[in-house]
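Enquirer: Below you will find the structure I want to go over with you.
Number of protein chains: 2
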Amino acid sequence: MQYRFADRMRCAPPSFLGRLFAVSTDPRIISFAGGLPNSGCIDVEGLADASRKVFEEEGHVALQYSTTDGYLPLREFISRRYSRRLGISIPPDHIQVVNGSQQCLDLVAKIFLNRGDPVAMERPGYLGAIEAFSLYEPAFHDVAFGEDGPDIDECAKVIRTFRPKFFYGIPNSQNPSGQTYSLERRKAVAEVLEGSDTLFYEDDAFGELFFDGRPRTPVKGLIPDRCILSGSFSKVIAPGMRIGWICAPEEILAQFNCAKQAADLHSNFLCQKVLSRYLASIDLDAHIRRIIDAYGHNCRLMCDLLDDSFPAGMSHTNPEGGMFLLATLPPGLNSMKVFEEGVKGGVAVLPGIPFYVSGGGESTIRLNFSSMDGERIKEGMERLARVIGSLL
Amino acid sequence: MQYRFADRMRCAPPSFLGRLFAVSTDPRIISFAGGLPNSGCIDVEGLADASRKVFEEEGHVALQYSTTDGYLPLREFISRRYSRRLGISIPPDHIQVVNGSQQCLDLVAKIFLNRGDPVAMERPGYLGAIEAFSLYEPAFHDVAFGEDGPDIDECAKVIRTFRPKFFYGIPNSQNPSGQTYSLERRKAVAEVLEGSDTLFYEDDAFGELFFDGRPRTPVKGLIPDRCILSGSFSKVIAPGMRIGWICAPEEILAQFNCAKQAADLHSNFLCQKVLSRYLASIDLDAHIRRIIDAYGHNCRLMCDLLDDSFPAGMSHTNPEGGMFLLATLPPGLNSMKVFEEGVKGGVAVLPGIPFYVSGGGESTIRLNFSSMDGERIKEGMERLARVIGSLL
Chain A
44 MQYRFADRMR CAPPSFLGRL FAVSTDPRII SFAGGLPNSG CIDVEGLADA SRKVFEEEGH
104 VALQYSTTDG YLPLREFISR RYSRRLGISI PPDHIQVVNG SQQCLDLVAK IFLNRGDPVA
164 MERPGYLGAI EAFSLYEPAF HDVAFGEDGP DIDECAKVIR TFRPKFFYGI PNSQNPSGQT
224 YSLERRKAVA EVLEGSDTLF YEDDAFGELF FDGRPRTPVK GLIPDRCILS GSFSKVIAPG
284 MRIGWICAPE EILAQFNCAK QAADLHSNFL CQKVLSRYLA SIDLDAHIRR IIDAYGHNCR
344 LMCDLLDDSF PAGMSHTNPE GGMFLLATLP PGLNSMKVFE EGVKGGVAVL PGIPFYVSGG
404 GESTIRLNFS SMDGERIKEG MERLARVIGS LL
Chain B
44 MQYRFADRMR CAPPSFLGRL FAVSTDPRII SFAGGLPNSG CIDVEGLADA SRKVFEEEGH
104 VALQYSTTDG YLPLREFISR RYSRRLGISI PPDHIQVVNG SQQCLDLVAK IFLNRGDPVA
164 MERPGYLGAI EAFSLYEPAF HDVAFGEDGP DIDECAKVIR TFRPKFFYGI PNSQNPSGQT
224 YSLERRKAVA EVLEGSDTLF YEDDAFGELF FDGRPRTPVK GLIPDRCILS GSFSKVIAPG
284 MRIGWICAPE EILAQFNCAK QAADLHSNFL CQKVLSRYLA SIDLDAHIRR IIDAYGHNCR
344 LMCDLLDDSF PAGMSHTNPE GGMFLLATLP PGLNSMKVFE EGVKGGVAVL PGIPFYVSGG
404 GESTIRLNFS SMDGERIKEG MERLARVIGS LL
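These protein sequence lines are chains A and B, in that order.
Heads up: the first sequence at position 351 corresponds to 394 in the working numbering, and the numbers run straight through without jumps.
Heads up: the second sequence at position 75 corresponds to 118 in the working numbering, and the numbers run straight through without jumps.
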């Protein structure tokens with residue numbers, strides 16, 4: 044039988060992820076292509092303990108249906124942390140729990156985008172966002188992304204010309220570049236948006252992971268009514284629980300709630316309870332210090348290796364945090380070729396290509412430095428240097 | 044600022060659920076309006092034990108990112124159970140795990156429906172499906188639903204005239220009516236669809252809950268290539284874990300996988316592991332026998348009370364399974380009025396209204412018999428009888 048799929052399915056970008064996953068489960072291959080937090084940084088015992096208590100003391104409740112907006116004590120924790128750490132006031136009823144912040148990408152697109160509606164994002168921009176938005180058939184308008192954030196002239200022009208429904212960006216340790224908006228650039232973006240009817244969609248998956256432990260000013264703090272802010276426990280606690288959140292003005296959150304209820308009623312309540320107990324039982328700042336120590340060490344190691352042990356003509360970003368850096372290949376090399384040859388040489392990288400909505404990425408590769416330890420990074424980077432050397 | 048929401052948000056039906064939830068958490072009100080499985084039927088200790096083992100033996104893996112399709116041993120369990128219990132062959136790679144079967148409603152609509160596309164469903168039909176589908180702005184075509192299933196003449200006419208992308212139905216203990224398709228009606232529906240290019244979307248949330256423990260022939264077994272089948276652990280194990288699944292032909296599943304990945308990457312991996320271990324450790328048939336004994340008892344009690352203790356002019360369906368029955372009010376009474384007065388009288392019912400896409404439901408109320416024990420059902424039904432009596 045001939046199946047009659049919706050037109051939107053033709054807009055799905057070709058997915059690298061199936062291929063990537065096959066690669067990442069092959070033990071012969073060292074993969075810098077994925078985006079996993081370090082398993083050693085997951086506090087299995089602490090979470091086991093919290094889980095045990097939830098089952099013992101409130102199992103029947105935790106295993107039942109719950110509300111769409113999410114477990115209130117968890118939202119209160121998030122609210123308090125914003126206040127204490129970033130100095131911004133986001134009441135718990137402006138926060139909703141989702142299945143990892145990827146779900147925000149889907150639902151924000153769902154509540155705002157008609158087919159053909161304009162959306163702005165960074166160039167290069169986050170692959171997961173491109174995948175989620177694409178299924179709503181928008182018109183993408185990308186803005187060059189550099190060392191200090193998006194190009195302001197281009198941003199202003201795109202917003203003036205196309206009136207995008209929202210500008211999606213990752214101010215902290217952007218994916219794929221690893222680069223962070225400067226304070227000046229945050230203010231400039233906020234100013235541009237303030238004179239428009241375009242929202243800022245601030246994806247903050249990595250804001251807790253600055254190697255210096257110092258928070259950066261959220262755009263949400265500058266233009267609260269014009270900003271949707273999403274966060275995630277995947278990077279600092281555990282991705283397998285699929286718990287993230289969104290913060291948005293009340294009117295937006297009401298629509299988001301409606302879409303979330305239609306999408307899956309509510310997020311896993313058991314894990315919300317476990318996470319809430321766990322967070323109440325630990326020193327989260329100390330836990331995060333261990334993570335950023337490890338990631339900072341790995342990032343410096345990878346940058347040093349790129350500087351010292353690779354063929355001339357390579358360059359790379361210098362992340363202040365997060366889990367990724369973006370390397371630019373020597374002139375003439377193609378990122379897909381490096382991927383293909385890398386797999387043969389026992390190392391996987393992510394070509395820059397899927398991070399572009401209008402072409403590009405042939406000269407860049409994204410490298411993950413969070414998921415493995417230093418020895419394996421060294422071994423993988425040696426393989427990669429050999430592969431790139433052999434292609435020159 | 045004026046927010047520019049997508050047109051689809053205007054298609055969201057007015058949600059009863061917020062109001063309902065407020066009612067269901069008020070301890071003074073006995074609520075038949077919700078759809079909770081009985082908390083006493085959730086095996087908290089068994090799940091706690093499975094959870095403990097997952098944390099001890101494979102915590103680091105269970106807490107990491109995983110694949111979009113879902114945990115293979117869990118899909119293998121589902122596959123084996125279909126084979127053993129229903130005699131249908133559905134290989135694990137035709138099954139994907141989702142966040143409760145509500146997510147199937149969203150994603151099936153997403154992969155099939157362009158704005159304005161025709162969709163067929165039962166009249167009355169499941170409220171959660173109406174909410175999910177509505178956001179894709181389809182043209183609904185409803186088919187009268189009676190004691191033995193959908194009206195076949197109307198079904199054939201709707202399919203011939205409008206060529207719906209799919210016909211959504213609940214053959215086992217339909218929601219809201221509690222009624223079950225007869226075998227003849229299943230065959231007739233399959234035959235009608237076979238001559239068309241309309242798929243059958245078989246929502247089987249309740250197929251394990253027939254009071255006689257006897258399985259009914261799935262439509263999926265009759266027209267496998269033309270049928271999408273969804274299932275859920277929410278009713279037999281625990282809804283708070285949000286684990287359901289979809290079975291579909293390979294080509295459909297590939298599109299579904301693409302939509303699922305964009306929607307939230309994958310379902311809670313920790314709970315998939317816990318559930319998989321739990322299912323391997325118990326006698327599921329014995330567990331389900333305890334549930335259907337309780338629900339069968341409650342259903343008979345509720346039917347008897349409706350027959351014996353209510354004003355004349357009431358009638359009701361006689362479910363063979365599931366969690367709901369549908370009662371028809373005495374002539375002249377309005378279901379919204381019964382809801383409003385019921386809340387004042389300490390009992391909540393769900394008006395039939397949100398189960399209709401083209402008007403109706405003013406004379407019916409859905410009553411849940413799964414969530415509470417017999418004593419509370421008696422007390423609640425006494426209150427309801429008083430409210431209805433006072434309105435006559």
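Every residue gets a Cβ at the ideal spot worked out from N, C-alpha and C, and that includes glycine.
The structure displayed is predicted, hence computed values, not measured ones.
Would a check of beta-carbon distances place A:E119 closer than 7 Å to chain B?
Expert: As a first step, residue 119 of chain A is located in the first sequence; it is residue number 76 there, counting from the start. By this cut-off, A:E119 is not an interface position.
Enquirer: Taking DSSP as the reference, what is the three-state secondary structure of A:L364?
Expert: What you label residue 364 of chain A is simply residue 321 of the first sequence in a count that begins at 1. This sequence places Gly at residue 364 of chain A; Leu is not what is there. A:G364: strand per DSSP, three-state reduction.
Enquirer: Under 8 Å by Cβ, that's how I've got B:Q139 and B:D112 pegged, so tell me the actual separation to the nearest angstrom.
Expert: On the second sequence, residue 139 of chain B is found 96 positions in, with the first residue counted as 1. On the second sequence, residue 112 of chain B is found 69 positions in, with the first residue counted as 1. Sure, about 5 Å apart at Cβ, within 8 Å.
Enquirer: Hey, could you find the ends of the alpha helix (DSSP H) B:Q315 is sitting in?
Expert: Start at 1 with the first residue of the second sequence, and residue 315 of chain B comes out as number 272. F312 to S324 is the span of the alpha helix (DSSP H), which, as asked, contains B:Q315.
Enquirer: Along the chain, where does the beta strand (DSSP E) that runs through A:D185 open and close?
Expert: The residue you call residue 185 of chain A lines up with position 142 of the first sequence. Element bounds for A:D185: A182 to G189.
Enquirer: Cα separation between A:P161 and A:A65?
Expert: Taking the first sequence and counting its residues from 1, one reaches residue 161 of chain A at position 118. Taking the first sequence and counting its residues from 1, one reaches residue 65 of chain A at position 22. If you take the alpha carbons of A:P161 and A:A65, they lie about 35 Å apart.
Enquirer: I think B:C54 touches B:L178, with their Cβ atoms under 8 Å apart; what is that distance to the nearest whole Å?
Expert: Position 11 of the second sequence, counting from 1, holds the residue named residue 54 of chain B. Position 135 of the second sequence, counting from 1, holds the residue named residue 178 of chain B. Sure, about 6 Å apart at Cβ, within 8 Å.
Enquirer: I need the straight-line Cα distance from A:P373 to A:D185, nearest angstrom please.
Expert: Locating residue 373 of chain A in the first sequence gives position 330, where the first residue counts as 1. Locating residue 185 of chain A in the first sequence gives position 142, where the first residue counts as 1. Those two C-alpha atoms are separated by around 25 Å.
Enquirer: Straight-line CA distance for A:G159 to A:V201?
Expert: Locating residue 159 of chain A in the first sequence gives position 116, where the first residue counts as 1. Locating residue 201 of chain A in the first sequence gives position 158, where the first residue counts as 1. Approximately 15 Å, taken between the alpha carbons.
Enquirer: Quick one: any contact between the region 187 to 194 of chain A and the region 164 to 172 of chain A, if contact means 3 or more CB pairs under 8 Å?
Expert: yes
Enquirer: Indicate whether at least one CB of chain B lies closer than 7 Å to the CB of A:N218.
Expert: As a first step, residue 218 of chain A is located in the first sequence; it is residue number 175 there, counting from the start. False, the Cβ-Cβ gap to chain B never drops below 7 Å.
Enquirer: How should A:S273 be labelled, buried or exposed, when 16 other C-beta atoms within 10 angstroms of its C-beta is the threshold for buried?
Expert: Stepping through the first sequence from its first residue, residue 273 of chain A is reached at position 230. Around the beta carbon of A:S273, a 10 Å sphere encloses 16 or more other beta carbons of the protein chains shown; the residue is thus reported as buried.
Enquirer: Are B:N215 and B:T204 touching if we call contact CB-CB under 7 Å?
Expert: Reading the second sequence from its first residue, position 172 is the one you call residue 215 of chain B. Reading the second sequence from its first residue, position 161 is the one you call residue 204 of chain B. No, they are not a contact pair.
Enquirer: Return the chain-ordered ranges of every alpha helix (DSSP H) run that is complete within the region 88 to 149 of chain B and spans a minimum of 4 residues.
Expert: 115 to 124
Enquirer: So which of A:E425, A:D196 and A:L117 has the shortest CA-CA distance to A:D351?
Expert: For the purposes of this step, residue 351 of chain A is identified with residue 308 of the first sequence, where counting begins at 1. Among A:E425, A:D196 and A:L117, the Cα nearest to that of A:D351 is on A:E425.
Enquirer: Determine the closest residue to A:G250 out of A:H309, A:I213, A:A297 and A:P57, with distance taken between C-alpha atoms.
Expert: Reading the first sequence from its first residue, position 207 is the one you call residue 250 of chain A. Ranking A:H309, A:I213, A:A297 and A:P57 by Cα distance to A:G250 puts A:I213 first.
Enquirer: Using the Cα positions of A:I133 and A:L117, report the straight-line distance between them to the nearest angstrom.
Expert: Numbered from its first residue, the first sequence carries residue 133 of chain A at position 90. Numbered from its first residue, the first sequence carries residue 117 of chain A at position 74. So the alpha carbons of these two residues sit roughly 13 Å apart.
Enquirer: Would a C-beta distance cut-off of 7 Å place B:L242 and B:F209 closer than the cut-off?
Expert: Here residue 242 of chain B is taken as the residue at index 199 of the second sequence, counted from 1. Here residue 209 of chain B is taken as the residue at index 166 of the second sequence, counted from 1. Cβ distance < 7 Å, so B:L242 and B:F209 count as in contact.
Enquirer: Starting from the beta carbon of B:S378, find every residue of chain A whose beta carbon is closer than 9 Å, and list them in chain order.
Expert: In the second sequence, residue 378 of chain B corresponds to position 335, counting from 1. What B:S378 touches in chain A: nothing, since even the nearest Cβ is about 22 Å away.
Enquirer: What are the residues in the region 303 to 332 of chain A lying within 8 Å of chain B by C-beta distance?
Expert: Q304, A305, A306, D307, L308, H309, S310, N311, F312, L313 and C314
Enquirer: Using alpha carbons as the reference points, say which of A:R229, A:A172 and A:R206 lies closest to A:L194.
Expert: Within the first sequence, numbered from 1, the residue matching residue 194 of chain A stands at position 151. Per the sequence shown, residue 194 of chain A should be read as Asp rather than Leu. Ranking the options by Cα distance to A:D194, first place goes to A:R229.
Enquirer: Can you check whether the C-beta of B:Y169 is within less than 7 Å of a C-beta belonging to chain A?
Expert: One-based indexing of the second sequence puts residue 169 of chain B at position 126. No, B:Y169 does not count as interfacial toward chain A.
Enquirer: Please list the residues of the region 343 to 355 of chain A that have a C-beta atom closer than 8 Å to any C-beta atom in chain B, keeping them in chain order.
Expert: none
Enquirer: Among the residues of its own chain, which have a CB less than 6 Å from the CB of B:G417, if the five just before and after it don't count?
Expert: Residue 417 of chain B sits at position 374 when you count from the first residue of the second sequence. Only residues of its own chain outside the window of five on either side were considered, and among them L344 have a CB closer than 6 Å to the CB of B:G417, listed in chain order.
Enquirer: Checking contacts by CB at 7 Å: is A:H137 closer than that to chain B?
Expert: As a position in the first sequence, residue 137 of chain A is number 94, starting the count at 1. Cβ-Cβ to chain B under 7 Å: no for A:H137.
Enquirer: By a C-beta neighbour count over all protein chains shown, 10 Å radius and 16 as the cutoff for buried, is B:S387 buried or exposed?
Expert: Counting from 1 along the second sequence, the entry for residue 387 of chain B is found at position 344. It is Lys, not Ser, that sits at residue 387 of chain B in the sequence shown. By the 16-neighbour rule on beta-carbons within 10 angstroms, B:K387 is exposed.
Enquirer: What does the Cβ neighbour count give for B:S433, buried or exposed, with the cut at 16 atoms within 10 Å?
Expert: Residue mapping note: residue 433 of chain B aligns to position 390 of the second sequence, counting from 1. So B:S433 ends up on the exposed side.
Enquirer: What beta strand (DSSP E) runs, 3 residues minimum, are completely inside the region 348 to 410 of chain A?
Expert: Counting only runs of 3 or more, we get 367 to 371.
Enquirer: How is A:P193 classed by DSSP in three states: helix, strand or coil?
Expert: If you number the first sequence from 1, residue 193 of chain A lands on position 150. Assignment of A:P193 by DSSP, reduced to helix, strand and coil, places it in the strand class.
Enquirer: If you follow the beta strand (DSSP E) that A:R166 is part of, which residue opens it and which one closes it?
Expert: In the first sequence, the residue the question calls residue 166 of chain A occupies position 123. Counting along the chain, the beta strand (DSSP E) containing A:R166 begins and ends at P161 to R166.
Enquirer: Can you find a CB in chain A that lies within less than 7 Å of the CB of B:C270?
Expert: Within the second sequence, residue 270 of chain B is the residue found at index 227, counting from 1. Answer no: the Cβ-Cβ gap between B:C270 and chain A never drops below 7 Å.
Enquirer: Pull up the distance between the alpha-carbon of B:D246 and that of A:H103, whole angstroms please.
Expert: Working through the second sequence from its first residue, we reach residue 246 of chain B at position 203. Working through the first sequence from its first residue, we reach residue 103 of chain A at position 60. Spanning the two alpha carbons is a distance of roughly 26 Å.
Enquirer: State yes or no: is the C-beta of A:F98 nearer than 6 Å to some heavy atom of the ligand GTP?
Expert: For the ligand GTP, the structure offers nothing, since it holds no ligand at all.
Enquirer: List the residues of chain B whose Cβ lies closer than 9 Å to the Cβ of A:M415, in chain order.
Expert: Position 372 of the first sequence holds residue 415 of chain A. In chain order: nothing, as chain B lies at least about 13 Å away.
Enquirer: How should A:A49 be labelled, buried or exposed, when 16 other C-beta atoms within 10 angstroms of its C-beta is the threshold for buried?
Expert: Within the first sequence, numbered from 1, the residue matching residue 49 of chain A stands at position 6. Buried.
Enquirer: Spatial neighbours of A:G77 within its chain, please: CB distance less than 7 Å, with the 5 preceding and 5 following residues excluded, ordered by chain position.
Expert: In the first sequence, residue 77 of chain A corresponds to position 34, counting from 1. Cβ neighbours of A:G77 beyond the five flanking positions: L63, S67, N411 and S414.
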